[in-house]
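Whatever position you read off the sequence shown (first residue = 1), add 1 for the numbering used here. Where a beta carbon is used, it is the ideal one built from N, C-alpha and C, also for glycine. All figures in this text were calculated on a predicted structure; none of them were measured in a lab.
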Amino acid sequence: MKSNEEACLNNEIIAAYLDNTLSPKDMTVVEEHLMSCDKCLREAISLNEILLRMSEGEAIPLPEKLREKVISTNRTSKKVKYLSEFVISLSEKAISLIKTAFLPEGTELKVFGSQSPALIYRGKELSGDVLNINQKINDIDIRIQFYNTEGPAASLRVLFLKENLPLSKERITLYKKDRLLSSKVTSKEGNVIFPDINYGYYRISIPGEDIEMSFKILPEENNKRKNNE
2 MKSNEEACLN NEIIAAYLDN TLSPKDMTVV EEHLMSCDKC LREAISLNEI
52 LLRMSEGEAI PLPEKLREKV ISTNRTSKKV KYLSEFVISL SEKAISLIKT
102 AFLPEGTELK VFGSQSPALI YRGKELSGDV LNINQKINDI DIRIQFYNTE
152 GPAASLRVLF LKENLPLSKE RITLYKKDRL LSSKVTSKEG NVIFPDINYG
202 YYRISIPGED IEMSFKILPE ENNKRKNNE
């Protein structure tokens with residue numbers, strides 16, 4: 002493995018480091034990179050949580066210097082530069098935006114429904130009502146699509162652009178409350194799909210860009226009751 006301070010580590014190398022399967026020389030190279038690159042360090046923290054949940058085993062203790070770096074990064078981490086919150090209504094036949102609970106100043110917001118051509122995901126057709134929420138602030142453009150599917154449930158598609166270009170190989174993580182549900186890397190088209198989500202409070206995190214947004218999905222009758230209060 003070549004050491005390159007300007008090149009970030011891929012997930013396979015980070016996973017091998019966490020699993021302690023690299024050579025001693027490569028372990029040192031990776032550790033030195035993680036000590037100097039906050040982006041890769043956040044990736045390592047996120048991936049370590051995923052691997053731990055998948056294995057249901059005990060985490061391999063990080064080297065002391067790296068553990069101190071993690072603590073320091075958490076204490077001095079930058080504030081999230083893009084944060085929004087939405088409340089969404091979901092029924093067996095429809096999905097719609099109830100309200101925007103929070104939106105940063107200067108954010109361009111477009112919300113519209115559609116009956117767009119079906120999106121095929123793992124051989125399954127995601128069709129029916131589609132709720133589109135497009136947000137743009139400065140050079141960041143995030144387009145979210147909720148596909149109303151059977152259940153009631155929805156599939157979530159996130160498209161991430163920067164300077165009008167799709168941002169590929171960027172990790173996007175989905176939480177339900179504070180529980181990690183899924184973490185995926187964007188395709189070359191700049192998108193990821195999280196299928197089969199239902200009622201609850203969710204948070205989308207893009208750690209490489211210090212971006213977070215959240216949304217709450219409620220049953221239709223629950224939303225009607227809240228609006229009448």
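Within the continuous alpha helix (DSSP H) that includes T29, where are the two ends?
Indexing the sequence shown from 1 puts residue 29 at position 28. Per DSSP, T29 belongs to the alpha helix (DSSP H) from 25-37.
Take H34 as the anchor and find which of L48, I14, T22 has the nearest alpha-carbon.
Working through the sequence shown from its first residue, we reach residue 34 at position 33. Out of L48, I14, T22, I14 has the C-alpha closest to the C-alpha of H34.
Alpha carbon of E171 to alpha carbon of F216, nearest angstrom:
Taking the sequence shown and counting its residues from 1, one reaches residue 171 at position 170. Taking the sequence shown and counting its residues from 1, one reaches residue 216 at position 215. Distance between the alpha carbons of E171 and F216: 21 Å.
Taking Cβ to Cβ, would you say E190 is nearer than 8 Å to S92?
As a working note, residue 190 is residue 189 in the sequence shown. As a working note, residue 92 is residue 91 in the sequence shown. No, Cβ-Cβ distance for E190 and S92 is not below 8 Å.
Whole angstroms are fine: how far does the CA of S206 sit from the CA of A16?
If you number the sequence shown from 1, residue 16 lands on position 15. If you number the sequence shown from 1, residue 206 lands on position 205. Their backbone Cα atoms lie some 20 Å apart in a straight line.
Would you give the residue range spanned by the alpha helix (DSSP H) that N12 belongs to?
Locating residue 12 in the sequence shown gives position 11, where the first residue counts as 1. Residues 12-19.
C-alpha distance - S24 paired with S47, whole-angstrom precision:
Translated into positions along the sequence shown, residue 24 becomes position 23. Translated into positions along the sequence shown, residue 47 becomes position 46. For the pair S24 and S47, the Cα-to-Cα distance works out to about 23 Å.
What three-state label does DSSP hand N75 in the structure shown?
Reading the sequence shown from its first residue, position 74 is the one you call residue 75. Confidence is the limiting factor: at N75 the pLDDT is only 48, short of 50, which leaves the residue's position unreliable and the question unanswerable from this model.
Burial state of G201 (16 or more Cβ within 10 Å)
Against the sequence shown, residue 201 aligns to sequence position 200. Label assigned to G201: exposed.
Only counting the same chain, and skipping five residues up and downstream in sequence, which positions put a Cβ closer than 8 Å to that of N192?
Counting from one through the sequence shown, the residue named residue 192 turns up at place 191. Answer for N192: R158, V159, L160, F161, P167, listed in chain order.
Under 8 Å, do I194 and S156 count as touching if we go by C-beta distance?
Within the sequence shown, the letter at position 193 stands for residue 194. Within the sequence shown, the letter at position 155 stands for residue 156. Contact flag set, yes.
Going by CA-CA distance only, name the one from S188, I198, N199, S184 that's closest to P208.
Working through the sequence shown from its first residue, we reach residue 208 at position 207. With respect to the C-alpha of P208, the residue from S188, I198, N199, S184 having the closest C-alpha is S184.
Taking the DSSP output, what are the residues bridged to Y176?
For the purposes of this step, residue 176 is taken as residue 175 along the sequence shown, with counting starting at 1. Answer is L181, R204.
Euclidean distance between Cα positions of N139 and P105
Along the sequence shown, one-based indexing puts residue 139 at 138. Along the sequence shown, one-based indexing puts residue 105 at 104. The alpha-carbon atoms of N139 and P105 are separated by roughly 12 Å.
Determine the DSSP secondary structure at A60, reduced to helix, strand or coil.
As a first step, residue 60 is located in the sequence shown; it is residue number 59 there, counting from the start. Unreliable positioning characterises A60 in this predicted model, as indicated by a pLDDT of 46, which lies under 50. A coordinate reading is not provided.
Pairwise C-alpha distance: E109 and D142
Position 141 of the sequence shown, counted from the first residue, corresponds to residue 142. Position 108 of the sequence shown, counted from the first residue, corresponds to residue 109. Rounded to the nearest angstrom, the two C-alpha atoms are 9 Å apart.
Neighbourhood of R123 by C-beta distance below 6 Å, restricted to the same chain and skipping five residues each side
As a working note, residue 123 is residue 122 in the sequence shown. Note on R123: pLDDT 47, under 50, position unreliable in the model; the coordinate value appears next. Contacts found: none.
Residue range of the beta strand (DSSP E) that includes N139:
On the sequence shown, residue 139 is found 138 positions in, with the first residue counted as 1. Premise fails: N139 is in no beta strand (DSSP E) and is neither H nor E.
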